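Colleague:
Residue numbers (the numbering used here): 307 to 652.
#1: Can you tell which of 638, 617 and 586 has its C-alpha closest to the C-alpha of residue 608?
#2: Over what stretch of residues does the beta strand (DSSP E) that includes residue 612 continue unbroken?
#3: Note down, one range per segment and in chain order, each alpha helix (DSSP H) of at least 4 residues found wholly within the segment 408-433.
#4: Which same chain residues end up closer than 6 angstroms to residue 335 when comparing Cβ atoms and leaving out the 5 residues on each side of it in sequence?
#5: Helix, strand or coil: how does DSSP classify residue 554 here?
#6: Here's the rule I'm using: 16 or more other beta-carbon atoms within 10 Å means buried, otherwise exposed. How should residue 588 be labelled?
#7: What residue range does the beta strand (DSSP E) around residue 319 cover?
#8: Please name the residue in 599, 648, 315 and 556 whose C-alpha comes closest to that of residue 451.
#9: Residue 624 by DSSP, collapsed to three states: which one?
#10: I think residue 593 touches residue 575, with their Cβ atoms under 8 angstroms apart; what is that distance to the nearest whole Å?
#11: Could you check which residue in 317, 642, 563 and 489 has the C-alpha nearest to that of residue 596?
#12: Measure the C-alpha to C-alpha separation of residue 526 and residue 559 and round it to an integer number of angstroms.
#13: With burial defined as no fewer than 16 other Cβ atoms inside 10 Å of the residue's Cβ, what is the status of residue 399: buried or exposed?
#14: Less than 6 angstroms between C-beta atoms, sequence neighbours within five positions excluded: which residues of the same chain meet that for residue 497?
#15: What is the DSSP secondary structure of residue 488, reduced to helix, strand or coil?
#16: Using CA coordinates, which residue listed in 474, 343, 385 and 518 is at the minimum distance from residue 325?
#17: Whether or not the segment 563-583 and the segment 535-550 are in contact is what I'm after, with contact meaning three or more pairs of Cβ atoms, one per stretch, closer than 8 angstroms; do they touch?
#18: DSSP puts residue 647 in a beta bridge; with which residues?
#19: Enumerate in chain order the residues of its own chain whose CB-to-CB distance from residue 354 is below 8 angstroms, with the five nearest sequence positions on each side excluded.
#20: Could you say which of 352, 407, 309 and 375 lies nearest to residue 317 if we only look at CA atoms?
#21: Give the straight-line distance between the Cα atoms of residue 330 and residue 427, rounded to the nearest whole angstrom.
#22: Could you pull out every residue in the same chain whose Cβ sits closer than 6 angstroms to the Cβ of residue 389, ignoring the five residues on either side in sequence?
#23: Strictly by DSSP, which residues pair up with residue 450?
#24: Look up residue 640 in the DSSP assignment and say whether it is helix, strand or coil.
#25: If we ignore side chains and look at the alpha-carbon of each, how far apart do residue 586 and residue 493 end up?
#26: Secondary structure at residue 390, three-state DSSP: helix, strand or coil?
#27: Do you know whose CA, among 421, 382, 414 and 524, lies nearest residue 515's CA?
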């Protein structure tokens, strides 16, 4: 039985809150949930945001402090370079793969030196042409998030990367809605299918909704990668905790996705499964005589009843029995047999 395994990325992001011990606990939690990767974010605030940039509305709500500076918030959430090798080793010891998103070219170079399996492009960089070109030239697989983007912008980003050397089979495009949390009415999951068909790429889904239903639905619709934010505790301070799963929910999501994968496996032929065969006789019906009948009785439909078990003549054959005569006396609730019907088959 072939099972197509979805790549599940547990997005720790900046939920470490600048604490390496919390980062390690996040890794352990993702490993316990059986995710494939635990992902963080690698950036220097000076490289990605001006000091005048304001927080997004969701960041204002979730951080809930008096400072509306995006720079000040991100500065506190930088992951120091020296953490990376420590966390990579810790993840390996826990049996999960480490990944991080680089938000600028220098961060991409740094992560390349750490031998990331692939590069993850966040939604905000989809119109950053120099950044896209820089990643594409690395020759590694790329996962591209498309939050806030139009289909035309996604096409343009892909073209930029292909012109820089990325091969389309190396690319996976994630549908995404950049709002934390994402209202269910804004998910528009069908857009993932539109991109798969229209762009000829592998697709997945990066989720910011509350709950686990939408990622599971995305797998059923063909997602090959699922990315989902998680935290140890949604009440922790920080911009992303409130739109993240807690450990028990992450574990439930992974388990549900693996079950959906099993449900989608198989030949696609409509035929009884191996486990069903033993239930066919129990669940189906056979033709029985509804009352005592004497030999020579002309059988009518009213003389018959369809009841379990299904180890006798199928009710689908009832038309071939009605109008025939009984060869012998038959008892009420006895099974109709070929040998007690006169001239059966003629």
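Ideal placement from N, C-alpha and C gives every residue a C-beta, glycine not left out.
Since this is a predicted model, take the numbers as computed values, not measurements.
Modeller: This is what the structure holds:
#1: Cα-wise, what sits closest to residue 608 is 638.
#2: Its beta strand (DSSP E) spans residues 610-613.
#3: Within the segment 408-433, the complete alpha helix (DSSP H) segments of 4 residues or longer fall at 411-419, listed in chain order.
#4: Apart from the 5 residues on each side of it in sequence, residue 335 sits with its Cβ closer than 6 angstroms to the Cβ of 553 in its chain, given in chain order.
#5: Correct three-state label for residue 554: helix.
#6: So residue 588 counts as exposed.
#7: Here the beta strand (DSSP E) through residue 319 covers 313-319.
#8: When each option's Cα is compared against that of residue 451, the closest is 315.
#9: Residue state, collapsed to three classes: helix.
#10: Not confirmed; about 29 angstroms, so no contact.
#11: Nearest C-alpha to residue 596: 642.
#12: Distance between the alpha carbons of residue 526 and residue 559: 13 angstroms.
#13: Taking a 10 Å sphere around the C-beta of residue 399, we find fewer than 16 other C-beta atoms and assign the residue as exposed.
#14: Cβ neighbours of residue 497 beyond the five flanking positions: 481.
#15: Correct three-state label for residue 488: coil.
#16: The option with the nearest alpha carbon to residue 325 is 385.
#17: They do not touch, by the three-pair rule.
#18: Its beta-bridge partners are 632.
#19: So the qualifying residues of the chain are 380, 409 and 410.
#20: Here the closest residue by C-alpha is 407.
#21: If you take the alpha carbons of residue 330 and residue 427, they lie about 23 angstroms apart.
#22: Answer for residue 389: 326, listed in chain order.
#23: DSSP, once it has assigned bridges, lists 427 and 479 as partnering residue 450.
#24: Three-state DSSP puts residue 640 in coil, outside helix and strand.
#25: Taking the straight line joining both Cα atoms gives about 42 angstroms.
#26: Correct three-state label for residue 390: helix.
#27: Closest by alpha carbon: 524.
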